[in-house]
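J.: Protein chains in written order, with the numbering used here: chain B, 31 to 136; chain E, 286 to 1100.
The beta-carbon is built from N, C-alpha and C at its ideal position, and this holds for glycine as well.
Predicted, not measured: the structure shown is a model, and the values here were computed from it.
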Amino acid sequence: MNVQTKTWVSIGPLTEIPRQGARCVKNGDMSIAVFRTSHDQIFALEDKCPHKNGPLSQGIVHDGCVTCPLHNWVISLETGAAQGADVGQTTTFEIKIEDGNVLLAL
Amino acid sequence: MSKKHLVIVGNGMAPGRMLEHLFEVTDAYDVTIFNAEPRVNYDRIMLSPVLSGEKTYADIIIHGEGWYEEHGITLHQGEKITEIHRNERKVVSEAGREVAYDKLVIATGSNPFIIPLPGHDLPGVLAYRDLDDTGAMIEASDKGGRAVVIGGGLLGLEAAAGLKQRGMEVTVIHLMPTLMERQLDTAAGYLLQKELEGRGIEVLCEANTKQILGQDRVEGVELADGRVIDASLVVMAVGIRPNVQLAQEAGLEVNRGIVTDATMKTSDPNIYSVGECVEVGGLVYGLVAPLYRMAKVAADHLAGASEMAFAHAETPTKLKVTGCDLYSVGDFAEGDGREDIVLRDAMRGTYKRVILKDNKIIGAVLYGDVADGGWYNELLKSGEDISEMRETLIFGQAYQGGAGADPLAAVANLSDDAEICGCNGITKGTIVTAIQAKGLTSLTEVRAHTKASASCGTCTGLVENVMALTLGDAFQLPASEGMCPCTTHSHGHVRRLIKAKGLKSIPAVMQALEWTTPEGCAKCRPALNYYLVADWPGEYVDDQQSRFINERVHANIQKDGTYSVVPRMFGGITTPDELRAIADVADKYEIPTVKVTGGQRIDLLGVKKEDLIPVWADLNAAGMISGAAYAKGLRTVKTCVGSDWCRFGTQDSTGLGIKLEHYLWGAWTPAKLKLAVSGCPRNCAESTCKDIGIVCVDSGYEVLYGGAAGLHIQGTTKLGTVPTEDDVIEVVGALTQYYRETGFYLERIYKWADRLGYDHIREVILDDPEQRKAYNARFAHAQSFAQVDPWAEFVGGKDAHEFNPINIRKLEAAE
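1. Find the nearest neighbour of E:A1038 within the set E:T1002, E:L407, E:P803, judged by alpha-carbon distance.
2. Taking the alpha carbon of E:F933 as the reference point, which residue from E:V384, E:G951, E:G589, E:C981 has its own alpha carbon closest?
3. In whole angstroms, what separates the C-alpha of E:E364 from that of E:M331?
4. Would you mind sorting E:L958 into buried or exposed? The rule is 16 or more other CB atoms within 10 Å of its CB.
5. To the nearest angstrom, how far is the alpha carbon of E:G511 from that of E:Q496?
6. Buried or exposed for E:G912, please, with buried defined as at least 16 other CB atoms from any protein chain shown within 10 angstroms of its CB.
7. Buried or exposed: E:H459, going by 16 or more other Cβ atoms within 10 Å of its Cβ?
8. Could you tell me whether any Cβ in chain E is nearer than 9 Å to the Cβ of B:P48?
9. Would you kindly report the start and end of the unbroken alpha helix (DSSP H) that includes E:D515?
10. So, at 7 Å on beta carbons, what are the nonlocal neighbours of E:T715 in its own chain, with the 5 sequence-adjacent residues on each side left out?
11. Can you list the residues of chain B that E:F833 reaches, using a CB-CB cut of under 8 Å?
12. Looking at the unbroken beta strand (DSSP E) that takes in B:I72, where does it start and where does it end?
13. When you compare the CB of E:I1091 with every CB in chain B, is at least one pair closer than 9 Å?
14. How about E:K880 and E:L890: do their beta carbons lie closer than 9 Å?
15. For a quick check, are the C-beta atoms of E:K388 and E:Y327 less than 9 Å apart?
16. Could you tell me the boundaries of the beta strand (DSSP E) in which E:K959 lies?
17. Using a C-beta to C-beta distance shorter than 9 Å, which residues of chain B count as neighbours of E:P462?
18. Go ahead and pull the three-state DSSP assignment for E:C969.
19. Is the number of C-beta pairs between the stretch 420 to 435 of chain E and the stretch 563 to 578 of chain E that are closer than 8 Å three or more?
20. Using 9 Å as the limit for Cβ to Cβ distance, is B:D116 near chain E?
21. For the alpha helix (DSSP H) holding E:Q362, just list the boundary residues, first then last.
22. Got a sec? Which residues, its chain only, sit under 6 Å from E:L572 by beta carbon, not counting five neighbours each side?
23. For E:L611 versus E:V655, is the C-beta distance shorter than 9 Å?
24. I want to see whether chain B comes within less than 9 Å of E:D470, judged by CB atoms only; does it?
25. Answer with buried or exposed for B:S68, where buried requires no fewer than 16 other C-beta atoms within 10 angstroms of its C-beta.
26. Check the Cβ-Cβ distances between B:E76 and every residue of chain E, and say whether any is below 9 Å.
27. Among E:L402, E:Y915, E:L336, which one has its Cα closest to the Cα of E:W953?
28. Please list the residues of the stretch 810 to 831 of chain E that have a C-beta atom closer than 8 Å to any C-beta atom in chain B, keeping them in chain order.
29. Taking E:V559 and E:A392 to be in contact with their CB atoms under 8 Å, please state how far apart those CB atoms are, rounded to whole angstroms.
30. What did DSSP end up calling E:P527 once you bin it into helix, strand or coil?
31. Grab me the residues of E:E1087's own chain with a C-beta within less than 7 Å of its C-beta, minus the 5 sequence neighbours each way, in chain order.
32. Determine the closest residue to E:D827 out of E:D1084, E:L481, E:E424, E:P401, with distance taken between C-alpha atoms.
33. Would you verify that the beta carbon of B:T121 is, or is not, closer than 9 Å to some beta carbon of chain E?
34. If contacts are defined as beta-carbon pairs under 8 Å, then E:V731 and E:V748 qualify, I think. What distance do you get, rounded to the angstrom?
35. Curious, which full-length alpha helix (DSSP H) runs of at least 4 residues does the stretch 727 to 814 of chain E contain?
36. Please classify E:S911: does DSSP put it in a helix, a strand, or coil?
Right under this line is the structure:
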């Protein structure tokens, strides 16, 4: 039997992620996009748009959202929910900064 | 009954305030203070006015010698406590003095953080913390020269402004992209930087100090990028650290600061702590308001049984630099369910932003107009639901309540003499009279008759309000023609204003044009970035985060998240070596699809992002550069074989195509730009449906443009016929530049030409040789900065973060 427990995994220094940009964490087959806003907040989403699986990590980051590069869906960084008239949600992950290092809950 | 003995280590503002509270309620204590600084208690937050010369030390003393005498306090000035013996309840000073206590208060404050750079201990390198530092800075400034301030936070900027006022040349070095980034958002940080630069203070953001130079004393500062700045004074103002050493050595619980509970009691029940050295509720504090609250709590508990507890509250920040009005409070970071209300006034240089969540204010950032800061802070603290006044909230308290809660009311209240259009000096009365006398009903008519808002256009909204008031229901506000929901300005407006106002950065455009969002959206940011790239070649630094992914990584994203890579083949000509290199790359990186494109080159489809750089390196090594198949810019120049091989060919169409592509590659344009050169009117290169097409004829070259063969199909229109290849190149350069300067982002050349008129474009580009030469010269100038192969830059290490995962976790196989 498998018991799933959450562990905090250090993925690297905050400075390695560009402001208003993202980097990916490969977790086995899954890619997780770690976003950094212009004010150094961080968010983690599965790197998959709920629309057609576009890589959100490659989108333009603005005002707490990312715009998917494939078809311009706008996804909230905090909840993973599609904004506006679009409906859908991307998985989010807990994430935090400690001593300048980014920790991701996996 | 003998009094209890209270010993205080430190004589700063927090313990001073604590004693005031204590003496108000009890005289149960004999008090002894040890102060490492040889002074009475003074107002540390007033050091900036002392530095700038607006105040003196005497002005900022809080408690003079008399106060200590009056309260029977024993004050040991310039005597540091070195040990606490908790079991015996006594302290020992460096002079060996031992004093017993019943209650002890540790108020050791904080130390400035000095970055241990090479040279940090040279004479002339100062912190900015106490009166001695201030005195040393004043002394240094008397000798003149240049001061470098490391750190663009609150203290650093106050130091910079003070030193400038003292007559020094000042440079501020700041690691982050904008000043005071902890208190201000990007937009307000930008305004602050402009203000300081206007005072002659040089501000270098995103600058990293490598070392401090000098032999016997400081002579300069070297940055990580190699720049050297001469300096006779270096001030480090990069932050403070709670001074916990004494408490730590005494075995008290210490984390970032000295840990206390909400009653300010440390882990020893007889020892309290107040001030910047404290960590309470997991937080340490540096601003005076929370420190004074600590003082009140500690005094209350020292006086006897008390219920009082310290609670966190947002503290507003202000900068104590005369003439720089800024105010920030609460949380202004981004997040879900948060809404921004932004009001910018370009004329007055003000910026107001209120951040809402669940109809409550959670933060505010104000620049230039800070009158309502206190009111927003009250609403923040009270948690009042603001939905009733949401529409007028941003205008401030004066607009709330009563029947006048309407943005139009502000305009209604203006007198007839009030100036509406600053550029043309048009008053409200002039506009109203013109509307009434001439029966004007549209903005265009008002502009034509009064010139109001006809120059820079930033007062358009005001003019519309005047029209709405004058015409009543007869006036319909025009539907927003803004380039995106962040602005009411159209693309044309924005382009004109960027040039007219000399705006050279995205934050500058957003401020001057009164953007209604803090940092734009995925629609306007790429457009603004293009306009700035096109208008300020060699000056504007391309903002990568405002580009779509294809242009950021110079490859086309595909539906599965892989990329396609297209090397440039000038004029569609390749060689066996190039083809071999492409084949080798396809094998080596297991690229699944190799396709010949419609633009006469080869597309490698399905390249993984992390393989992009090695693929480019290999293609670069074979002499190929990026084909820009992803760009809103020059794509391809397609050719037929022309007079070299074809029995019908009239001119060397291949050679001309290669020359054109060599001239044009690297250019950014409003939308993609595809060319073709056909060697005869049979048109094998399909020139007549291209953005710009050349058809060779016996007498010369026909230049065609405005074709489309996508969603929309349209044949080209003839611009004219020119006799030589050099003429073709000049005309195409000029036409491209005219399109670059006046096109709207994502507007193909045929739409642009429809908008401007084909006759007009011919008059400018073909009929007027002077204008043609001028446009072509500007194009050539821009190209001198644009023709850099992006692949080679990336292979050389630029923006390496774009291409690799930050972290890879291999999962263990399941049991």
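T.: So, from the listed chains and residues:
1. It is E:T1002 whose Cα lies nearest to the Cα of E:A1038.
2. Considering only alpha carbons, the answer is E:C981.
3. Each residue's CA atom was taken as its position, placing E:E364 and E:M331 some 24 Å apart.
4. E:L958 is buried by the Cβ-count criterion.
5. Cα atoms of E:G511 and E:Q496: separation of roughly 10 Å, rounded to the nearest angstrom.
6. Answer is buried; the Cβ neighbour count reaches 16.
7. Residue environment: E:H459 is assigned as buried (16 or more neighbouring CB atoms within 10 Å of its CB, all protein chains considered).
8. Yes, B:P48 lies at the interface with chain E (some Cβ there is under 9 Å from its Cβ).
9. Element bounds for E:D515: not the alpha helix (DSSP H) but the beta strand (DSSP E), 513 to 515.
10. The beta carbon of E:T715 is closer than 7 Å to those of T735 in its chain, skipping five residues each way along the sequence.
11. Ordered by position in chain B, the residues that pass the 8 Å Cβ test against E:F833 are I90, P99.
12. Counting along the chain, the beta strand (DSSP E) containing B:I72 begins and ends at 72 to 76.
13. At a cut-off of 9 Å between beta carbons, E:I1091 contacts chain B.
14. Yes, the Cβ-Cβ distance between E:K880 and E:L890 is below 9 Å.
15. Not closer than 9 Å, so no.
16. Annotation for E:K959: the continuous beta strand (DSSP E) segment containing it runs 958 to 963.
17. Those within 9 Å of E:P462 in chain B are R49, S68.
18. E:C969 falls in the coil class under three-state DSSP.
19. With a cut-off of 8 Å, the stretch 563 to 578 of chain E and the stretch 420 to 435 of chain E do not count as touching, because too few Cβ pairs lie within range.
20. No, its Cβ sits nowhere closer than 9 Å to a Cβ of chain E.
21. Unbroken run through E:Q362 is the beta strand (DSSP E), 359 to 362; no alpha helix (DSSP H).
22. Closer than 6 Å at the Cβ level, and outside the excluded window around E:L572, lie T600.
23. A contact, by the Cβ cut-off of 9 Å.
24. Contact of E:D470 with chain B is assigned, a C-beta pair being separated by under 9 Å.
25. By the Cβ neighbour-count rule, B:S68 is buried, with 16 or more other Cβ atoms within 10 Å of its own.
26. No, no contact with chain E.
27. Considering only alpha carbons, the answer is E:Y915.
28. Considering only beta carbons, the part of the stretch 810 to 831 of chain E lying closer than 8 Å to chain B consists of R810, P811, Q829, Q830, S831, in chain order.
29. Their Cβ separation, rounded to whole angstroms, is 5 Å, which keeps E:V559 and E:A392 in contact under 8 Å.
30. The DSSP-derived three-state label of E:P527 is strand.
31. Closer than 7 Å at the Cβ level, and outside the excluded window around E:E1087, lie R837, V838.
32. Selected option, being the one with the closest Cα: E:D1084.
33. It does not: the Cβ of B:T121 has no partner Cβ on chain E nearer than 9 Å.
34. The beta carbons of E:V731 and E:V748 sit about 6 Å from each other, so the pair counts as a contact at 8 Å.
35. Counting only runs of 4 or more, we get 728 to 735, 745 to 756, 776 to 785, 791 to 797.
36. Note: E:S911 maps to strand in three-state DSSP.
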